[in-house]
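Undergrad: First, the structure itself, so that you have it in front of you.
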Amino acid sequence: MMTTAAAGLPEAVARGPEALFALLAERVAQTVGYDLLTVLAPTPGGRVLTRLFSSKPHQYPLGDADRVEDTAWFRQLFGRGEPIIANDGPEIERWLPGFDVFFAEQGYGALANVPVIVAGRPVGLVNMMGQAGHFSPERLAALRRQLPLAALAILAATWTTR
């Protein structure tokens, strides 16, 4: 009998990155909940973050998403490897100046940006948007339990594009 943690994983691995990201999205929806889920990874040169997965591709399409710049946001996630949890507009503004209004206009009031670390190195980032106050310590802990799957999906996606 397959454990809950492994349910669907062998099939998703065999099918590739899209199936792995779909499984990740399903598990995160069940355990954490979100209004938007995206996964990004730095390009080989490290100058751009590329969106590998989006639960709303019409709003946040796949492909190059963000230039890498020396900001507090980037240093927190990729330098220190620590998450950013912003549960309201002022917290979003602190990390992403000007984006609090942009996200509010899209109906989002909280964000969770969580680095995916493999062998001590950040290989990508799980981004989630939700309603204000959504990302509690318990929900962040539930997300952390899904990071190995996120790592596998990111590595599969970046490996297959080489």
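Residue numbers for the sequence shown follow full-length UniProt numbering, beginning at 1 and rising by one. Where a beta carbon is used, it is the ideal one built from N, C-alpha and C, also for glycine. Small disclaimer: the values here were computed from a predicted structure and weren't measured.
Below 8 angstroms on the Cβ atoms is my contact criterion, and I expect V114 with L125 to pass it. Report the Cβ-Cβ distance as a whole number of Å.
TA: Sure, about 7 angstroms apart at Cβ, within 8 angstroms.
Undergrad: Comparing alpha-carbon positions, which option in A153, A112, L62 lies nearest V123?
TA: Ranking A153, A112, L62 by Cα distance to V123 puts A153 first.
Undergrad: Alpha carbons only, please: which of V68, G120, F53 is nearest the one belonging to E18?
TA: Of the candidates V68, G120, F53, the one whose C-alpha sits nearest the C-alpha of E18 is F53.
Undergrad: Are the CB atoms of R51 and L62 nearer to each other than 7 angstroms?
TA: Against a cut-off of 7 angstroms, the Cβ pair of L62 and R51 comes out as a contact.
Undergrad: Three or more C-beta pairs closer than 8 angstroms, one from the segment 92-112 and one from the segment 131-141: is that the case here?
TA: Touching, yes, given that three or more Cβ pairs across the two stretches are closer than 8 angstroms.
Undergrad: Use the C-beta contact count for V116: other C-beta atoms within 10 angstroms, 16 or more gives buried, fewer gives exposed.
TA: When all chains shown are included, V116 counts as buried.
Undergrad: Where in the UniProt domain "GAF" (15-154) do unbroken runs of the beta strand (DSSP E), each at least 3 residues long, occur, reported from the N-terminal end onward?
TA: DSSP runs (the beta strand (DSSP E)) wholly in the UniProt domain "GAF" (15-154): 36-42, 48-54, 63-67, 84-86, 110-118, 121-130.
Undergrad: Alpha carbon to alpha carbon, how far is F78 from L155?
TA: Roughly 16 angstroms separates the two Cα atoms.
Undergrad: Residues in the same chain with beta-carbon distance under 7 angstroms from G81, minus the five sequence neighbours each way, listed in chain order, please.
TA: Hits under 7 angstroms: P115, I117, P122.
Undergrad: In three-state DSSP terms, what is A157?
TA: A157 falls in the helix class under three-state DSSP.
Undergrad: Alpha carbon to alpha carbon, how far is D64 from L49?
TA: If I take the Cα positions, the gap works out to 6 angstroms.
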